[in-house]
Every structure is written in structure tokens, then in C-alpha cells.
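One structure below.
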Amino acid sequence: MRDKLDSVDHKILTLLSGDAQMPYTEVAKNAGISPGTVHMRTRKMKNMGVIKGSTLSLDYSKMGYKMTVFLGIYLRESFLYKVVIEELTKIQEVVKIHHSTGKYDIFIKVHAKDSLHYRSLYQEAILTIEGIRGIESFISVEENMSRHINFES
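Mapping to the working numbering: the sequence shown position 66 is 375, numbers consecutive.
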């Protein structure tokens with residue numbers, strides 16, 4: 310099994326990143342290869358750790374979560390990032406966590422039902438985590454774009 314990705318792998322990744330539920334027969338048709346090749350290549354990319362799973366794209370607002378908030382988190386000490394991240398993963402409304410460089414030590418994305426729900430999350434769950442020195446919040450007014458990289462370029 311080869312460890313490098315080629316143009317066929319990139320074509321498969323581009324198609325599946327646009328629709329993770331696309332049947333292999335349709336991927337094969339769009340890529341101009343056999344379904345068996347798609348199966349073999351996706352298995353190879355899973356074994357390499359390139360494909361880590363598949364996800365659904367959800368509209369949280371239609372499920373009652375009307376607010377999306379990004380939080381830039383400052384830590385008391387930089388070595389505390391693993392402990393703080395571990396605690397953040399326990400909060401179900403936290404959907405993305407990035408250990409980052411620059412102004413913030415950690416950057417997260419949170420979905421809340423409304424401002425009262427967000428305030429409760431912020432005050433009772435996030436601010437109480439040991440190791441957090443401060444937080445800056447950014448409320449998303451509207452998501453204008455979400456896309457996947459075209460791996461064929």
C-alpha cells in the first residue's frame with residue numbers, strides 16, 4: 310500500500326468532502342474509475358489517517374440553537390492548555406476547539422439556544438474552568454460561507 314496521495318486520491322477526497330454520504334458507485338462514476346478502486350483508495354486513506362470519519366453538516370438554528378459564539382481564551386499558564394481543553398470537551402455546546410498561536414491560547418466555537426443559555430454556559434461552565442485567565446467573545450451574526458478545500462488544484 311502506497312503512503313503518498315495521487316491525483317485519483319485527491320479527486321476522491323474532493324468528491325467525498327463535498328458529500329460524505331455519496332455512494333462509492335457515484336464517486337467512481339464522477340472520478341472515472343471503478344467502484345472497487347474507490348473502496349480500495351478510501352480504505353488506504355483511512356489507514357493512513359487522512360480520512361478520519363464522515364460528518365453531517367447541521368443547521369443548528371433549526372434545532373433550536375439560535376446563537377453561534379466564538380471565544381478566544383487566555384490561559385493563566387500556557388502549559389495548562391491540555392487540562393482546559395479536556396474540561397471544554399465536557400461541554401456539549403462546545404463544537405470546535407483549537408489550541409492556537411497569537412493573541413489567544415485556545416479558540417472555541419459554541420452553539421447556544423439564546424442569550425440566556427449562552428450566559429449560563431459562559432458563567433457556569435466555561436468561566437469556572439481552572440486555568441482560564443480571561444475570555445473574549447465574538448457573536449456570529451450570520452455564516453456566509455463554509456467550504457471544503459478542492460484537493461485537485
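Using N, Cα and C, we set each Cβ at its ideal position, and we do this for glycine too. Just so it is clear, the structure is predicted and the values come from calculations on it, not from any experiment.
Residues in its own chain within less than 8 Å of residue i by CB, not counting five upstream and five downstream?
{"i": "D423", "result": "K375 and M376"}
{"i": "S455", "result": "S366"}
{"i": "E516", "result": "In the structure as shown, the chain starts at 310 and stops at 462, and residue 516 therefore has no counterpart that could be examined."}
{"i": "Y413", "result": "G381, I382, Y383 and E445"}
{"i": "L430", "result": "I400, E402, V419 and A421"}
In whole angstroms, give me the CA-to-CA distance for residue i and residue j.
{"i": "M354", "j": "D315", "result": "11 Å"}
{"i": "H348", "j": "Y333", "result": "7 Å"}
{"i": "L425", "j": "Q432", "result": "11 Å"}
{"i": "V389", "j": "I441", "result": "It should be noted that the sequence gives Leu, not Val, for residue 389. So the two alpha carbons sit approximately 9 Å from each other."}
{"i": "G362", "j": "L436", "result": "32 Å"}
{"i": "S464", "j": "V403", "result": "This structure does not reach residue 464, given that the chain is present from 310 up to 462, and the question cannot be answered."}
{"i": "K418", "j": "K405", "result": "5 Å"}
{"i": "K338", "j": "P344", "result": "8 Å"}
{"i": "T410", "j": "V392", "result": "17 Å"}
{"i": "R385", "j": "A421", "result": "26 Å"}
{"i": "H319", "j": "M331", "result": "15 Å"}
{"i": "G373", "j": "G358", "result": "34 Å"}
{"i": "N453", "j": "I394", "result": "28 Å"}
Is residue i helix, strand or coil when you go by DSSP?
{"i": "R350", "result": "helix"}
{"i": "F388", "result": "helix"}
{"i": "E426", "result": "Sequence inspection shows His at residue 426; the Glu mentioned does not correspond to that position. H426: helix per DSSP, three-state reduction."}
{"i": "M376", "result": "strand"}
{"i": "H413", "result": "For the record, residue 413 in the displayed sequence is Tyr; it is not His. In the structure shown, Y413 sits in coil (DSSP, three-state: anything other than H, G, I, E or B)."}
{"i": "I435", "result": "helix"}
{"i": "V419", "result": "strand"}
{"i": "I444", "result": "strand"}
{"i": "G345", "result": "helix"}
Would you say residue i lies against chain B (beta-carbon separation less than 8 Å)?
{"i": "Y431", "result": "This model lacks chain B altogether; it includes just one protein chain."}
Report all residues from its chain with a CB closer than 7 Å to the CB of residue i; omit the five preceding and five following residues, and keep chain order.
{"i": "I321", "result": "V336, A340, V347, R350 and T351"}
{"i": "S326", "result": "H457"}
{"i": "I342", "result": "V317"}
{"i": "G443", "result": "Y383"}
Using C-beta distances below 6 Å, list every residue in its chain close to residue i, excluding the 5 sequence neighbours before and after it, in chain order.
{"i": "H407", "result": "F416"}
{"i": "R428", "result": "none"}
(message) Quick test of the definition: if touching needs 3 or more C-beta pairs under 8 Å, does the segment 360 to 373 touch the segment 390 to 399?
(response) no
(message) With three or more beta-carbon pairs closer than 8 Å as the criterion, would you say the segment 374 to 393 touches the segment 435 to 453?
(response) yes
(message) Quick check for students: name the residue ranges of the alpha helix (DSSP H) that lie wholly in the segment 315 to 340, counting only runs of 4 or more.
(response) 316 to 327 and 333 to 340
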